[in-house]
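A.B. asks: One structure is given below, represented as structure tokens, and several questions about it will come after.
2 protein chains.
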Amino acid sequence: MTQQNNRVTAGMIVIGDEILSGRTKDVNIGAVADFCTDLGIDLIEVRVVSDEMDAIVEAVNALRARCTYVFTSGGIGPTHDDITADAIATAFGVALPINAQARAMLEARWQQTGTEVNEARLRMARIPEGADLIVNSVSAAPGFRIGNVHVMAGVPIIMRAMLEALAPTLQGGRKVLSRTVKAAVGEGTVGGPLGELQAQYPDVKMGSYPQMGRDRVMTELVLRSADEARLEEATAKVRAMVDAAHAKAGVTPPED
Amino acid sequence: MTQQNNRVTAGMIVIGDEILSGRTKDVNIGAVADFCTDLGIDLIEVRVVSDEMDAIVEAVNALRARCTYVFTSGGIGPTHDDITADAIATAFGVALPINAQARAMLEARWQQTGTEVNEARLRMARIPEGADLIVNSVSAAPGFRIGNVHVMAGVPIIMRAMLEALAPTLQGGRKVLSRTVKAAVGEGTVGGPLGELQAQYPDVKMGSYPQMGRDRVMTELVLRSADEARLEEATAKVRAMVDAAHAKAGVTPPED
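Protein sequence lines correspond, in order, to chains A and B.
If you read the first sequence in full-length UniProt numbering, its first letter stands for residue 1, the second for the next number, and so on.
If you read the second sequence in full-length UniProt numbering, its first letter stands for residue 1, the second for the next number, and so on.
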């Protein structure tokens, strides 16, 4: 399913015990999801795994086989629990030498800041053989791309900077457009007719999301398609269906 | 790896296109992570998958085989894109009839609220054969447990209510304790000696987390273990190592 009908897909792997313990609340999934949607890339799966070699290698190999692109976040710092580079090298069966370009980037930054060069810090210059670097404008330690896998930092501000750096290297898919129809009736009221409309428009994906605690809006119906004409046609039918439901229930429609 | 040394593990599956598109930002992963940590359950993997039968079935079968417990969130509402119950029934190879108890719970609520009973709403009473219900105190539509898989709503307030309802049915593991040591030096400074201490204390998991934009705290070192005595011993050594790094760098230690 890599590129059916010009479809470009992505998988994401969040690496880190701190997310699985609840100590750190992930925000990178949402950032990568927004990034992919903006580029017309279809994010199809995310996995959060621990800082363990086998767990990372398994997730990388599963997702790189089925997605156009894979993005990882976390585990590329200087300490013993940062093993993402090791796991990627293992997954691709390549060596993990100190990369001269990465070392030069780091040493230039360390010279500016008066930071001592030591073995732990030099871990961050170990890059799998054959990989290209992803520039880190925030703290210098680079990410890297090997094959279709893009390895980024876990610190959100650094991950977002790396996404911006690699965006021009990605091939976007056909942009998926979306329309939202707000309803002042519950999901259970629109569920039946919405299912019938979905069957009529298999190329327009229709989702239904209950809204809690929002004045008068009880359900948001979201339509998504790469075909704008079909999307508008389907949206008009969904809107008419919702208008009829409002009339039948005797409720005022919410403002758009 | 289900229950090595009294270890109780969990996997989580977040089901929903709205998370993968970025339209909705997930908060359920963090809630389940905190819930598991409080009960001494080790959350070992999370997957976010789309509202597609094959994707859900694959994730459920992968995680239920390797974890003591599996928790899912999302896809149990009344609309056509709510297919979690169908996917769970498929994964377990059982039928998906209307469950009399679930129907009674829903009808009691609908009677109170004057809500019409229709086919879409009755979808929420379809429960895989052999499953037990998980009570939903917020909106009545129940979740369910089948085998080691616990199926919950995606709306965060409902999911949290369901977690509370099922907590007494879970067997907690040995509680993992944690200690945090704050350092006013970077990860690269403490990385080498921390790795040596980790090798001396393989039963105490040591993590290192860079802190950005926090006054004087540059790195937090987090130690986790079920053995309190070993944890205290290792924490004292890490603290001494960090104190030495502060002295060498001539910086004031951050307050605890």
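For every residue, glycine included, the Cβ atom is placed at its ideal position computed from N, Cα and C.
Exposed or buried, which one is residue 200/B when buried takes at least 16 other CB atoms within 10 Å?
C.D. replies: Reading the second sequence from its first residue, position 200 is the one you call residue 200/B. Exposed, by the Cβ-count rule.
A.B. asks: Residue 56/A: buried (16+ other C-beta within 10 angstroms of its C-beta) or exposed?
C.D. replies: One-based indexing of the first sequence puts residue 56/A at position 56. Result: buried.
A.B. asks: Are the region 47-63 of chain A and the region 81-95 of chain A touching by the rule of at least three beta carbon pairs closer than 8 Å?
C.D. replies: Short answer: they touch.
A.B. asks: Secondary structure at residue 81/B, three-state DSSP: helix, strand or coil?
C.D. replies: Within the second sequence, residue 81/B is the residue found at index 81, counting from 1. In the structure shown, residue 81/B sits in coil (DSSP, three-state: anything other than H, G, I, E or B).
A.B. asks: Beta strand (DSSP E) containing residue 207/B: first to last residue?
C.D. replies: One-based indexing of the second sequence puts residue 207/B at position 207. 205-210 is the extent of the beta strand (DSSP E) around residue 207/B.
A.B. asks: Closer than 8 Å by C-beta to residue 252/B: which residues in its own chain qualify, once you throw out the five before and the five after it? Chain order, please.
C.D. replies: Residue mapping note: residue 252/B aligns to position 252 of the second sequence, counting from 1. Excluding residues within five positions, the ones whose Cβ falls inside 8 Å are 184, 216 and 246.
A.B. asks: Within the continuous alpha helix (DSSP H) that includes residue 248/A, where are the two ends?
C.D. replies: For the purposes of this step, residue 248/A is identified with residue 248 of the first sequence, where counting begins at 1. Per DSSP, residue 248/A belongs to the alpha helix (DSSP H) from 228-249.
A.B. asks: Comparing C-alpha positions only, which one of 88/B, 66/B, 69/B and 174/B sits nearest to residue 75/B?
C.D. replies: Taking the second sequence and counting its residues from 1, one reaches residue 75/B at position 75. The shortest C-alpha separation from residue 75/B is found at 88/B.
A.B. asks: Among the residues of its own chain, which have a CB less than 8 Å from the CB of residue 2/B, if the five just before and after it don't count?
C.D. replies: The residue given as residue 2/B occupies position 2 in the second sequence. Confidence at residue 2/B is low in this model, with a pLDDT of 39, below 50, so its placement is unreliable and the value that follows should be read with caution. These residues qualify, in order along the chain: 9, 66, 67 and 68.
A.B. asks: Can you confirm whether the region 112-120 of chain A touches the region 222-234 of chain B when touching is taken to mean that 3 or more C-beta pairs between the two stretches lie within less than 8 Å?
C.D. replies: Touching, no, given that fewer than three Cβ pairs across the two stretches are closer than 8 Å.
A.B. asks: At a cut of 8 Å, does the region 15-22 of chain B reach the region 166-185 of chain B through at least three beta carbon pairs?
C.D. replies: Output reads no: the region 166-185 of chain B does not touch the region 15-22 of chain B.
A.B. asks: Within the 9 Å Cβ cut-off, does residue 120/A reach chain B?
C.D. replies: Locating residue 120/A in the first sequence gives position 120, counting from the first residue. So yes, residue 120/A belongs to the interface.
A.B. asks: Does any residue of chain A have a CB that is nearer than 9 Å to the CB of residue 116/B?
C.D. replies: For the purposes of this step, residue 116/B is taken as residue 116 along the second sequence, with counting starting at 1. Yes - at least one Cβ of chain A is within 9 Å of the one on residue 116/B.
A.B. asks: How many whole angstroms separate the CB atoms of residue 59/A and residue 47/A, which I take to be in contact at a CB cut-off of 8 Å?
C.D. replies: The residue given as residue 59/A occupies position 59 in the first sequence. The residue given as residue 47/A occupies position 47 in the first sequence. Contact holds; Cβ gap of about 5 Å.
A.B. asks: Can you check whether the C-beta of residue 182/A is within less than 9 Å of a C-beta belonging to chain B?
C.D. replies: One-based indexing of the first sequence puts residue 182/A at position 182. No, residue 182/A does not count as interfacial toward chain B.
A.B. asks: Using 8 Å for Cβ pairs, my map puts residue 190/A next to residue 234/A. What's the rounded Cβ distance?
C.D. replies: In the first sequence, counting from the first residue as 1, residue 190/A sits at position 190. In the first sequence, counting from the first residue as 1, residue 234/A sits at position 234. Contact flag wrong, Cβ pair sits at about 14 Å.
A.B. asks: At the 9 Å Cβ level, is residue 209/A part of the contact set with chain B, yes or no?
C.D. replies: Along the first sequence, one-based indexing puts residue 209/A at 209. Chain B, which has a Cβ nearer than 9 Å to the Cβ of residue 209/A, makes this yes.
A.B. asks: Name the two residues that bound the continuous alpha helix (DSSP H) containing residue 60/A.
C.D. replies: Here residue 60/A corresponds to residue number 60 of the first sequence, with the count starting at 1. Unbroken alpha helix (DSSP H) run through residue 60/A: 53-66.
A.B. asks: How would you write the range of the alpha helix (DSSP H) that residue 158/B sits in, first residue to last?
C.D. replies: Residue numbering aside, residue 158/B sits at position 158 when the second sequence is read from its first letter. From DSSP, the alpha helix (DSSP H) with residue 158/B extends over 156-166.
A.B. asks: Using the C-alpha atoms, what's the distance from residue 187/A back to residue 98/B?
C.D. replies: In the second sequence, residue 98/B corresponds to position 98, counting from 1. In the first sequence, residue 187/A corresponds to position 187, counting from 1. Taking the straight line from one Cα to the other gives about 19 Å.
A.B. asks: Going by the beta-carbon positions, is the gap between residue 70/A and residue 12/A smaller than 9 Å?
C.D. replies: For the purposes of this step, residue 70/A is taken as residue 70 along the first sequence, with counting starting at 1. For the purposes of this step, residue 12/A is taken as residue 12 along the first sequence, with counting starting at 1. Yes, the pair counts as a contact, with Cβ atoms nearer than the cut-off.
A.B. asks: By the three-class DSSP mapping on this structure, what secondary structure does residue 179/A have?
C.D. replies: For this step, residue 179/A is matched to residue 179 along the first sequence. Note: residue 179/A maps to strand in three-state DSSP.
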